[in-house]
Structure formats: C-alpha cells, structure tokens
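Colleague:
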Amino acid sequence: MNLQKTIILISTSILLLSANLKAETGKECFEKVSRSIFKFNQGFDRTVIKPIASGYNRLPKLIKDGTGNFTSNIATLLTVPNHVLQGQWRLAGESSASFLINSTIGILGLRNPAAKMGLRNQQEDVGQTLGAYGISSGCYFVLPILGPTTVRDSIGMVADSFVDPFAHVTIREKELINISGNKIDYFSVKGATAIDFRGDNMTNLDSLEKNSLDMYSALKSIYLQDRSKKIGNTFSSEDEDDWGELNK
Amino acid sequence: MRKLINLFALLGFIFFSTNSFSYSSDPKIFIEELVGDAIKTLSDKNISKPDKEKKIKTIALENIDINAISMYTLGAIRKTLDQDTLEKYKELFEKYFLKSLTSRLSDYSNNKFEVISAEQKTETTTIVTSKIVENSSQPEIKIEWRIYTKNSLKPLIRDLRVEGLSIARTQKEEFSSILNSNNNDINILFLKLEEFINN
Chain A
2 MNLQKTIILI
12 STSILLLSAN
22 LKAETGKECF
32 EKVSRSIFKF
42 NQGFDRTVIK
52 PIASGYNRLP
62 KLIKDGTGNF
72 TSNIATLLTV
82 PNHVLQGQWR
92 LAGESSASFL
102 INSTIGILGL
112 RNPAAKMGLR
122 NQQEDVGQTL
132 GAYGISSGCY
142 FVLPILGPTT
152 VRDSIGMVAD
162 SFVDPFAHVT
172 IREKELINIS
182 GNKIDYFSVK
192 GATAIDFRGD
202 NMTNLDSLEK
212 NSLDMYSALK
222 SIYLQDRSKK
232 IGNTFSSEDE
242 DDWGELNK
Chain B
449 MRKLINLFAL
459 LGFIFFSTNS
469 FSYSSDPKIF
479 IEELVGDAIK
489 TLSDKNISKP
499 DKEKKIKTIA
509 LENIDINAIS
519 MYTLGAIRKT
529 LDQDTLEKYK
539 ELFEKYFLKS
549 LTSRLSDYSN
559 NKFEVISAEQ
569 KTETTTIVTS
579 KIVENSSQPE
589 IKIEWRIYTK
599 NSLKPLIRDL
609 RVEGLSIART
619 QKEEFSSILN
629 SNNNDINILF
639 LKLEEFINN
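Chains as they are written, first to last, in this note's numbering: chain A, 2 to 249; chain B, 449 to 647.
Shown next as structure tokens:
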C-alpha cells in the first residue's frame, strides 16, 4: 500500500469514527478481550520486560542517562512536526534547536546539553495532535505488547510512522539527507525506549500493582489521565467536579 | 504536692509524646514537616514494623481528609446509598486506605524529598508542589499535594498528583470499574476491600 492510499485510509477512518469518538472518554471497546490481553501483557512483562529492566537499572548511571537521552532525542523527530501541526511554533523551534544541539554538542543525543540551556522538549505524537484538534479519544482498549490505547491514539500510532522522519528512514528504509537505516534500527530504539521507561518506573508500577484492587482499571485511569494532560499541555488532568461538591 | 507535680509532669510528657503529630498550619511547611516525619519514621531501623505502621496511621488519621477522599472515591453512587451502607463503606475504606498508604510510603521512604512551592487555588484548596529527588534507580518525580484549607488552622491532605496523575481519581475510577462490572453492587466492592485489608 503506498503512502497516499494509507493517508486516505487513515483520514477516512478518522472521519467514520469521529461520531463514535464523541463518546464518553473511558468507555471500553471490548473489555473482556482487553482484560485477557492485559493479563497476557502482564505475563510478558513479568517474564521478559521486567527482568531486562531490572538488569538495565543496575547499569552505571552514565549508560542509563545516555540511553534515555538518546531515545528521547530521536523521539524529538516526531515531536517537531506535531508541534507544527498544532500551530505551536515556539515549541517546534525549541524542540528543533534541542534536537540539533543534542545531536551535535550532545554527541548523537547521548547527552542533553539543550536542557541545561533551558530548551524544553516535551514529547508529542499524532494522537495528541488529533486530541488538540478536538477529536475525543473514543473507546479504550489494550493492544498486545504495546499496552493501553484508544481508537484515536491507535490511529495516531499508525499515522506516527508517516509523520516521523526516523520511521521514514528506518521502517520504510528511505534515505533522508544521506541518512539511511533499517527496521532493526527502529525496533532497537523502540525496545530501548520501553526498557528505559520500565526501568524508570520500577517502583511506581510495583507499588501500583501491590496497592490496586483492580490493576487493569488503575492503569486505564493512569493512561487516560496522562493522555489528557499531554493533549492539554498541562501538568494536571484533575476532574474538579466531585471535589467541588465536597468542598462545601 | 511533689507527687502531684510529678504526676502532671508524667501526664504532660505522655500527652506531648503521643500528640507529636501537630504540624504547621502553613500548607507548605505542613507538608514539609509531615513527610519528613513519615520518612524519618519509616526509615528508622530502631522502630519495629508494627510501631512504624501505628505511627503512620496516627499521622494519617490526624492529617488526611480520609472521609472526603472516601466520598470522592465512591463517586455518584454515594448519593444512592443508605446511611448504614455508607458507614460500613467509610469504615472499610479507612482500613484499606491506611494499609495502602503505609505500603506506598514504605516504597518511597528511601528517597530524598523536597517541597518547592505552594499556591492557593481557591478559598478552600491549596496546591503544594514537591519532588522526590532523582536517584540511581529513578528519575525525579514531581508530586503535588491537594490541601483542603477550609479550616486554615488545620490543613488536611485530600489528594496527591504524581507527575500530574491523581491518586484519588485513579482510585475512584478503579472503584467505579468494579461497581460497573457488578451491576453497581456495593457488596462486591466491600468484598474486594476486605480481601485487600486481610491479605
């Protein structure tokens, strides 16, 4: 399928789904199936991801920081076009400058001198851009290995690979400014991102699992809150309604 | 007379040593003192585990608005329940909350904690911003404390937002999911709470 056809397919899907996307946030698409996939993912995490992340956490801080910086710098390539699509020109400029500085002075992104210069680099993706356009999340479901998502965010995830220059060079193996790559590069970086994230959240996820009555719902809530705050570019996603009543 | 003075001195000592959990009414200092006290208690190797739990529970009962959190967490269904059921829920929630709180605090007690700022959002709510300082096993974690300040002399904690994610809201949606999957049968939620408390 060529790029044009895929874009048309995605745009049509979004239009067709847009009526459903107005549905209440947090509504399940197919809860029973999602819960089964969630159980599978938990097993996969326990046997594969967590042991690797535990080993990763024992590496020297320099290596861990380098990995985190490197993957985060590559993710900036997806962030910049999404800032542009959202009309956030200043943030697009800051992210571009951050990428250029970290890729050069920061030794291919292994270090993060841009942060010390005060350049913000918040991560954006197509799902967030669609959210910023006012498209609701649609129903919630869980994907094998990839985890929690919504209709909007899963469409965004597919669209990411067309907007992201890194995916263009690696997944589609197209040359860009004399830079080439392959699928292994793409999945290595995505794998490293996942391990770095899991390693950083070892205590958080263990604590959540230990203290949850229903881990599936807890993670669903966290995912939806996180997406909501990222779309609004705010720190908080708090629902004030019920507190208001309890404030009397 | 001397015996009487000694008795008062002894009673005074007992009173102040068991009521050493009264913190500043300034929300920022309140959080600083309270978290400092909790972390100190949990990381003190000379205090036994049951004593640590007892002290954390005393701190929590005095300084966290558990009643309001329990109502917030239950959501709209609370308006449909009778008084006895609500009382039973509150009782179970308090036990669940205290056990869960002690466990969560223990998970983070080895970390360095810093209070950054405080901002009064409304007449009754102040948000205190703090952070868990980065260490070798985890990055910096930003934590916001939602403080209920209706009684300005007695601030009460109502929620924690860890990196912007509300713990109370997560709990509320967890409870709501359990209720939705069970035709809003509150007894199923009671069973789940009891299971957690007794495990």
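Backbone N, C-alpha and C fix where the C-beta goes; we use that ideal spot for every residue, glycine too.
What is the rounded straight-line gap between the Cα of Ile504 (chain B) and the Cα of Ser554 (chain B)?
Modeller: If you number the second sequence from 1, residue 504 (chain B) lands on position 56. If you number the second sequence from 1, residue 554 (chain B) lands on position 106. If I take the Cα positions, the gap works out to 10 Å.
Colleague: Tell me Phe142 (chain A)'s beta-bridge partners as DSSP assigns them.
Modeller: Locating residue 142 (chain A) in the first sequence gives position 141, where the first residue counts as 1. DSSP lists A:Thr150 as partners of Phe142 (chain A).
Colleague: Thinking just about the alpha-carbon of each residue, which of B:Glu642, B:Lys497, B:Phe541, B:Ser578 is nearest to the one in Arg609 (chain B)?
Modeller: For the purposes of this step, residue 609 (chain B) is taken as the residue at position 161 of the second sequence. The option with the nearest alpha carbon to Arg609 (chain B) is B:Ser578.
Colleague: Please give the ranges of any beta strand (DSSP E) in the region 36-66 of chain A, keeping only runs that are unbroken, at least 3 residues long and fully inside the region.
Modeller: Counting only runs of 3 or more, we get nothing.
Colleague: Applying a beta-carbon distance threshold of less than 7 Å, which residues of chain B neighbour Ile156 (chain A)?
Modeller: Locating residue 156 (chain A) in the first sequence gives position 155, where the first residue counts as 1. Correct list: empty, because the minimum Cβ distance to chain B is about 24 Å.
Colleague: Compare the beta carbon distance of Gly69 (chain A) and Leu225 (chain A) with 8 Å and say whether it is the shorter of the two.
Modeller: As a first step, residue 69 (chain A) must be located in the first sequence, where it is residue number 68. As a first step, residue 225 (chain A) must be located in the first sequence, where it is residue number 224. No, the Cβ-Cβ distance between Gly69 (chain A) and Leu225 (chain A) is not below 8 Å.
Colleague: Can a CB atom of chain B be found closer than 8 Å to the CB of Asn212 (chain A)?
Modeller: Stepping through the first sequence from its first residue, residue 212 (chain A) is reached at position 211. Closer than 8 Å: yes.
Colleague: Is Leu609 (chain B) helix, strand or coil by DSSP?
Modeller: Locating residue 609 (chain B) in the second sequence gives position 161, counting from the first residue. Position check: residue 609 (chain B) holds Arg in this sequence, whereas Leu was assumed. Here Arg609 (chain B) sits in strand by DSSP.
Colleague: Quick check on the DSSP output: what are the complete beta strand (DSSP E) runs of length 3 or more inside the region 144-208 of chain A, in order along the chain?
Modeller: Whole beta strand (DSSP E) segments, 3+ residues: 148-151.
Colleague: By Cβ distance, which residues of its chain are closer than 8 Å to Tyr596 (chain B), with the 5 residues on each side in sequence left out?
Modeller: Here residue 596 (chain B) refers to the residue found at position 148 when the second sequence is read from its first residue. Closer than 8 Å at Cβ, skipping near neighbours: Asp513, Ala516, Thr572, Thr573, Pro603, Leu604, Ile605, Arg606.
Colleague: CB-CB under 7 Å to Leu637 (chain B), same chain, minus the five flanking residues each way: which ones, in chain order?
Modeller: Along the second sequence, read from residue 1 onward, the residue named residue 637 (chain B) stands at position 189. Here the set comprises Phe623, Ile626, Leu627.
Colleague: Is it the case that the region 69-82 of chain A contacts the region 188-200 of chain A, given that we only count it when at least three CB pairs across the two stretches are under 8 Å?
Modeller: Because the criterion of three Cβ pairs below 8 Å is met, the region 188-200 of chain A and the region 69-82 of chain A touch.
Colleague: Give me the chain E residues within the contact set of Gln226 (chain A), using Cβ-Cβ distance strictly less than 8 Å, ordered along the chain.
Modeller: Absent from the structure: chain E. Protein chains present are A and B.
Colleague: Cutting at 6 Å between CB atoms, please list the residues of its own chain near Asn559 (chain B), excluding the five before and the five after it.
Modeller: As a first step, residue 559 (chain B) must be located in the second sequence, where it is residue number 111. These residues qualify, in order along the chain: Ile580.
Colleague: Compute the Euclidean distance between the alpha carbons of Asn205 (chain A) and Ile589 (chain B), then round it to the nearest angstrom.
Modeller: Along the first sequence, read from residue 1 onward, the residue named residue 205 (chain A) stands at position 204. Along the second sequence, read from residue 1 onward, the residue named residue 589 (chain B) stands at position 141. In a straight line, the C-alpha of Asn205 (chain A) is about 10 Å away from that of Ile589 (chain B).
Colleague: Pop quiz: Leu86 (chain A) and Thr151 (chain A) are said to be a contact at Cβ under 8 Å. What is the actual Cβ separation, rounded to whole angstroms?
Modeller: Translated into positions along the first sequence, residue 86 (chain A) becomes position 85. Translated into positions along the first sequence, residue 151 (chain A) becomes position 150. Contact doesn't hold; Cβ gap of about 19 Å is too wide.
Colleague: Looking at the structure shown, is Ser583 (chain B) part of a helix, part of a strand, or coil, going by DSSP?
Modeller: Start at 1 with the first residue of the second sequence, and residue 583 (chain B) comes out as number 135. Checking the sequence, you will find Asn at residue 583 (chain B) rather than Ser. Three-state result, Asn583 (chain B): strand.
Colleague: Ends of the alpha helix (DSSP H) at Ala486 (chain B)?
Modeller: Position 38 of the second sequence, counted from the first residue, corresponds to residue 486 (chain B). Segment 475-491, the alpha helix (DSSP H) holding Ala486 (chain B).
Colleague: Report yes if the C-beta distance between Leu78 (chain A) and Asp161 (chain A) is below 8 Å; otherwise report no.
Modeller: If you number the first sequence from 1, residue 78 (chain A) lands on position 77. If you number the first sequence from 1, residue 161 (chain A) lands on position 160. No, they are not a contact pair.
Colleague: Decide if Asn635 (chain B) is buried, meaning its Cβ has at least 16 other Cβ atoms within 10 Å, or exposed.
Modeller: Taking the first residue of the second sequence as position 1, residue 635 (chain B) is located at position 187. Asn635 (chain B) should be labelled exposed.
Colleague: Counting only Cβ pairs nearer than 7 Å, list the residues of chain A close to Phe644 (chain B).
Modeller: Your numbering for residue 644 (chain B) matches position 196 in the second sequence. The contacting residues are Leu214.
Colleague: Per the DSSP calculation, Phe623 (chain B) is bridged to which residue(s)?
Modeller: Sequence index remark: in the second sequence, residue 623 (chain B) carries index 175 (1-based). DSSP output for Phe623 (chain B) lists no bridge partner at all.
Colleague: Please confirm whether Ala219 (chain A) has its beta-carbon closer than 8 Å to some beta-carbon of chain B.
Modeller: Residue 219 (chain A) sits at position 218 when you count from the first residue of the first sequence. Interface residue, yes.
Colleague: What three-state label does DSSP hand Leu604 (chain B) in the structure shown?
Modeller: Locating residue 604 (chain B) in the second sequence gives position 156, counting from the first residue. Leu604 (chain B): strand per DSSP, three-state reduction.
Colleague: Give the single residue among A:Arg173, A:Phe31, A:Phe39, A:Val159 whose Cα lies nearest to the Cα of Ile146 (chain A).
Modeller: Your numbering for residue 146 (chain A) matches position 145 in the first sequence. The candidate whose alpha carbon is nearest that of Ile146 (chain A) is A:Phe39.
Colleague: Let me check one thing: in DSSP terms, what residues is Glu567 (chain B) bridge-paired to?
Modeller: Stepping through the second sequence from its first residue, residue 567 (chain B) is reached at position 119. Answer is B:Ile575.
Colleague: What do you reckon, is the C-beta of Thr77 (chain A) under 7 Å from a heavy atom of the ligand ZN?
Modeller: With respect to the ligand ZN, the structure offers nothing, as it holds no ligand at all.
Colleague: DSSP state of Glu588 (chain B), grouped into three classes?
Modeller: Here residue 588 (chain B) corresponds to residue number 140 of the second sequence, with the count starting at 1. If DSSP states are grouped into helix, strand and coil, Glu588 (chain B) belongs with coil.
Colleague: Once you ignore the five residues that flank Asp126 (chain A) on each side, which residues in its own chain have a CB closer than 7 Å to its CB?
Modeller: Taking the first sequence and counting its residues from 1, one reaches residue 126 (chain A) at position 125. Same-chain partners within the cutoff: Leu79, Asn83, Gly157, Asp161.
Colleague: By the 10 Å Cβ neighbour count, where 16 or more other Cβ atoms means buried, how is Val34 (chain A) classified, buried or exposed?
Modeller: Here residue 34 (chain A) refers to the residue found at position 33 when the first sequence is read from its first residue. Exposed.
Colleague: Counting only C-beta atoms, is Gln568 (chain B) closer than 8 Å to chain A at any point?
Modeller: Walking along the second sequence from the start, residue 568 (chain B) turns up at place 120. By this cut-off, Gln568 (chain B) is not an interface position.
Colleague: For Thr521 (chain B), report the span of its alpha helix (DSSP H) as first-last.
Modeller: On the second sequence, position 73 is the one that residue 521 (chain B) refers to. 514-522 is the extent of the alpha helix (DSSP H) around Thr521 (chain B).
Colleague: List the whole-angstrom C-beta distance separating Ile185 (chain A) from Ile53 (chain A), where the pair is believed to meet the contact cut-off of C-beta under 8 Å.
Modeller: Reading the first sequence from its first residue, position 184 is the one you call residue 185 (chain A). Reading the first sequence from its first residue, position 52 is the one you call residue 53 (chain A). Actually they do not touch by this definition, with Cβ atoms about 17 Å apart.
Colleague: For chain A, is any of its Cβ atoms less than 8 Å away from the one on Tyr537 (chain B)?
Modeller: Reading the second sequence from its first residue, position 89 is the one you call residue 537 (chain B). Chain A contact via Cβ: absent.
Colleague: Whose Cβ in chain A lies nearer than 7 Å to the Cβ of Gln531 (chain B)?
Modeller: Mapped onto the second sequence, residue 531 (chain B) falls at position 83. By Cβ distance, chain A contributes nothing, its closest Cβ being about 17 Å from Gln531 (chain B), past 7 Å.
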